[in-house]
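First up is the structure itself, then whatever we jot down about it.
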Amino acid sequence: MTVDELVPAGSLPRRGQAPASMIERMTLILNAFDGPSPVRTLLDVVDRTGLPRSSVHRIIDQMLRLRWLAHAPGGYRLGTRALELGGLAVEHNEIRHAMRPLLQDLCSRTGMVAHLGVLDGPEVLIVDKVADRCCDDIPTRLGARMPAHCTALGKALLATLPPRVLELACRERLPRLTPRTIGHRADLHRELDRVRCHRGVAVDRAESFSGVVCVAVAIRAATEHAGVAALSLSGRLEGGRAPGTSRAAEHLVEVVQAAVRADALCYGAGRRCRA
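In this note's numbering, the protein residues as written are 1245 to 1519.
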């Protein structure tokens, strides 16, 4: 993770700034469909993008013809072209292919929901999820993005960043998703210090979803300090108590260390990983 990766050049304009190109406007419209509800009305898209209604209507018409969007009851949804390319992106993800056996093993051992995430700026991106049907009640989905500071995946990865890069990822006031979410940068730094002192194990104590707890461990390339990905285990609170998070953390550490010793986490030419 570099400073350039954290704050990429040519990032999308902020709300209120006019996008300079059609690609930026199309990207803003596609981003409007990121969320738990798959359907958006025209007014939803206008509100989420900040673009003029006439422009949104004109661009959506073109995106419908090109299959980026499709009509749905009550509005629009992502079209088959977006879904096709999204599926290819997931299938072609080397990290996902390398880690999938570990996620399946962790889910089988613990009965908890296993996730794989990568850091993308101040957010964590979920690139894989494995769950038994009987325990898949965790409200996460493949491709979802969440603020890194409120997830175990994100905190595990943030704890591996060099100080200068970490400062860029940490705002003074952090958005809260639940009453337990860390809201200030100083509190986040203290939390990341705890992660570093506990073998890199990060804990989400109902900070991203109420009633859900999670533990995570980052994985780093042997030639890099920053984590390239993180594995996590999530479960529902049971009577106010966490569902075996200490045991889950031990499983995470053991599985990652064993896989590193066996070179099972290698991906890409000549790239080796470490816990």
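In this text, a Cβ means the ideal position worked out from N, Cα and C, and glycines have one as well.
- Under the 8 Å Cβ criterion, the region 1335–1351 does not count as touching the region 1307–1320, having fewer than three qualifying pairs.
- Taking C-alpha positions only, V1447 is separated from A1342 by approximately 24 Å.
- Taking 8 Å as the cut-off, the beta carbon of V1371 is found closer than this to the beta carbon of L1360.
- S1452 sits away from C1414, with the two beta carbons spaced by 8 Å or more.
- Counting along the chain, E1367 sits inside the beta strand (DSSP E) bounded by residues E1367 to V1374.
- Between the C-alpha atoms of L1327 and Q1306 there is a straight-line separation of about 17 Å.
- Under the three-state reduction of DSSP, L1421 is assigned to coil, being neither helix nor strand.
- Rounded to the nearest angstrom, the Cβ distance from H1442 to T1354 is 18 Å, too far for a contact under 8 Å.
- In summary, G1398 is buried, with 16 or more beta-carbon neighbours lying within 10 Å of its beta-carbon over all protein chains present.
- By the 16-neighbour rule on beta-carbons within 10 angstroms, M1266 is exposed.
- Assignment of V1290 by DSSP, reduced to helix, strand and coil, places it in the helix class.
- In this chain, the beta strand (DSSP E) harbouring H1359 covers V1357 to D1364.
- One thing to note: L1475 has its Cβ within 8 Å of the Cβ of L1347.
- In the DSSP assignment, A1473 falls within the unbroken beta strand (DSSP E) covering G1471 to R1480.
- Per DSSP, A1400 lies in no beta strand (DSSP E) segment; the continuous alpha helix (DSSP H) that holds it begins and ends at A1396 to L1402.
- One thing to note: R1464 has its Cβ no nearer than 8 Å to the Cβ of A1403.
- Distance from the CA of V1357 to the CA of V1459, rounded to the nearest whole angstrom, comes to 11 Å.
- Looking at the DSSP output, V1447 bridges to V1459.
- A1314 has R1321 as its beta-bridge partners, per DSSP.
- Assignment of R1385 by DSSP, reduced to helix, strand and coil, places it in the coil class.
- Secondary structure of H1495 (DSSP, three-state): helix.
- In terms of CA proximity to S1490, V1445 leads the group R1311, V1500, S1454 and V1445.
- In the DSSP annotation of this structure, the continuous segment of the alpha helix (DSSP H) that includes I1273 starts and ends at M1266 to N1275.
- The beta carbons of L1432 and L1421 sit about 14 Å from each other, so the pair does not count as a contact at 8 Å.
- Looking at the backbone, the Cα of P1423 and that of V1289 are separated by about 29 Å.
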